[in-house]
Amino acid sequence: MIKLEKVTKEFASEAGKFTALKPNDIHIRKGEFIAIMGPSGSGKSTLLQLIGGLDLPSSGSITVDGVKLNDLNEKERTLFRRTKVGFVFQNYQLLPMMTVAENVALSLAANKTPKAEMNSRVISLLQDVNLEDKQRNFPSQLSGGQQQRVAIARALAMKPRLILADEPTGNLDRKNGEDVLQLLSRLNKEEQMTIVMVTHDRQAAKKADRIILIRDGEVVQGGVEGEDLL
Ligand code: ADP
Ligand code: MG
């Protein structure tokens, strides 16, 4: 599903170039549930952004679901992001002035879902995350865990085969965090979705098939199956 070969990422800084990712190889199979762990600033989010086509590597090649991201032009990369990847972030990124249903509908509309199908698709997505009774509520009326589940429903709008989650339980208490993890785990097991989740939480990482450990921009463990020593 995901193959990174000698991928590096540099950012320009006042001091010159800053290397956020050193040459890394990562292989992830279809249907794997991966946890990425490592200290703050080690390059976890940068890695996720490269896999999701939000940014391009400075060198090396990235292939996701058979698509070599390096070869895509800007327009093709946008299409890739919209259709192949579901993004979930720590701070949910829901629109506060829109209801739960409207937040999900917006994502469906952006992806040209026919009007006639809109309502039933919104309800079906909210059922998937067990929130159909909250469709007329605003995000502020929901718990953090419920808001994150709305964000996941929105990420599922395009039926992606890959979910990239950046600290999805980072703002949640244990109970809400567990609900969100259980949902991700179910999507992985029942829908065979590939999930790559950045987390600081060891309990959360235990739900994964494999832990990729990253330090100072370098994968130090678990980048390729079988190298996971945990
Ligand atoms: P993590 O998610 O592991 O905390 P990040 O991937 O966000 O780490 O960041 C890795 C390093 O790259 C950090 O030192 C960060 O400051 C730097 N960095 C990330 N994004 C940018 C950017 N757009 N411009 C410059 N530096 C960045
Ligand atoms: Mg981060």
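Numbering (the numbering used here), first residue to last: 917 to 1146.
Ideal Cβ placement from N, Cα and C applies to all residues, glycine included.
Which value, in whole angstroms, describes the spacing of the CA atoms of Ala1069 and Ile944?
Rounded to the nearest angstrom, the two C-alpha atoms are 24 Å apart.
How is the alpha helix (DSSP H) around Arg993 delimited, first residue to last? From DSSP, the alpha helix (DSSP H) with Arg993 extends over 990-1000.
### Task
Compute the distance between the beta-carbons of Val1016 and Leu1047, then report whether it is under 8 Å.
One thing to note: Val1016 has its Cβ within 8 Å of the Cβ of Leu1047.
Next item on the list: Examine the Cβ distances between the region 1116-1133 and the region 1066-1082 and report whether three or more of them are shorter than 8 Å.
Entry: Judged by Cβ distances under 8 Å, the region 1116-1133 makes no contact with the region 1066-1082, as fewer than three pairs qualify.
- Quick one: Cα of Ser961 to Cα of Ser1040, how far? Between the alpha carbons of Ser961 and Ser1040 lies a gap of roughly 30 Å.
Checking the sheet assignment: what are the DSSP bridge partners for Gln1137? DSSP lists Leu1129 as the bridge partner or partners of Gln1137.
Report task. Along the beta strand (DSSP E) that carries Lys1123, what are the first and last residues, could you check? Result -> Per DSSP, Lys1123 lies in no beta strand (DSSP E) and is assigned neither H nor E.
Q) Would a C-beta distance cut-off of 8 Å place Asn1007 and Asn1087 closer than the cut-off? A) Contact flag set, yes.
| Counting along the chain, where does the alpha helix (DSSP H) carrying Lys938 start and finish? | Run containing Lys938: none in the alpha helix (DSSP H); it sits in the beta strand (DSSP E), 932-944.
Can you check whether the CB of Val1004 is closer than 8 Å to the CB of Pro1084? It is a contact, given that the beta carbons lie within the stated cut-off.
### Task
For Ala931, collect the residues of the same chain with a Cβ closer than 8 Å to its Cβ; drop the 5 residues on either side in sequence, then sort them by chain order.
Within the same chain, Ala931 has no close Cβ partners at all.
Query - Of the residues Gly969, Ile950, Asp971, Glu1141, the one placed nearest Lys1123, counting alpha carbons only - result: It is Ile950 whose Cα lies nearest to the Cα of Lys1123.
Return the chain-ordered list of same chain residues with a C-beta closer than 6 Å to the C-beta of Leu1146, the five sequence neighbours on each side being excluded.
With a pLDDT of only 48 at Leu1146, under 50, the local geometry of the prediction cannot be trusted, and no value is derived from it.
Per-residue DSSP class, three states only, for Leu1146: Confidence at Leu1146 is low in this model, with a pLDDT of 48, below 50, so the placement of that residue is unreliable and no value is reported for it.
How about Gln1063 and Pro1055: do their beta carbons lie closer than 8 Å? Yes.
**Report entry** Distance cut-off 7 Å: Val1112 Cβ against heavy atoms of the ligand MG
**Finding:** Proximity of the beta carbon of Val1112 to the ligand MG is not indicated: no heavy atom of the ligand is located closer than 7 Å.
Task: Every unbroken beta strand (DSSP E) inside the region 1029-1085 [3 residues or more] - done: Listed in chain order, they are 1078-1082.
query: Between Thr924, Leu1100, Val1112, which lies nearest to Gly976 when the distance is taken from Cα to Cα?
result: Nearest option by C-alpha distance: Thr924.
Kindly provide the chain-ordered list of residues whose Cβ lies closer than 5 Å to any non-hydrogen atom of the ligand NAP.
Absence of the ligand NAP is noted for the structure shown, with the ligand ADP and the ligand MG being the only ligands found.
Would you call Pro973 buried or exposed, if buried means 16 or more other Cβ atoms sit within 10 Å of its Cβ? Flag for Pro973 reads buried.
For Asp1082, count neighbouring C-beta atoms within 10 Å of its own C-beta (all shown protein chains included) and say buried if the count is 16 or more, exposed if not.
Flag for Asp1082 reads buried.
Applying the criterion that 16 or more other CB atoms from any shown protein chain within 10 Å of the CB defines a buried residue, is Ala1025 buried or exposed?
Ala1025 should be labelled exposed.
* To do: Determine, using beta carbons only, whether Leu963 and Arg997 come nearer to each other than 8 Å.
  => Not a contact, by the Cβ cut-off of 8 Å.
Practice item. With a threshold of 7 Å, establish whether the CB of Asp1132 neighbours any heavy atom of the ligand MG. Key: The answer is no for Asp1132.
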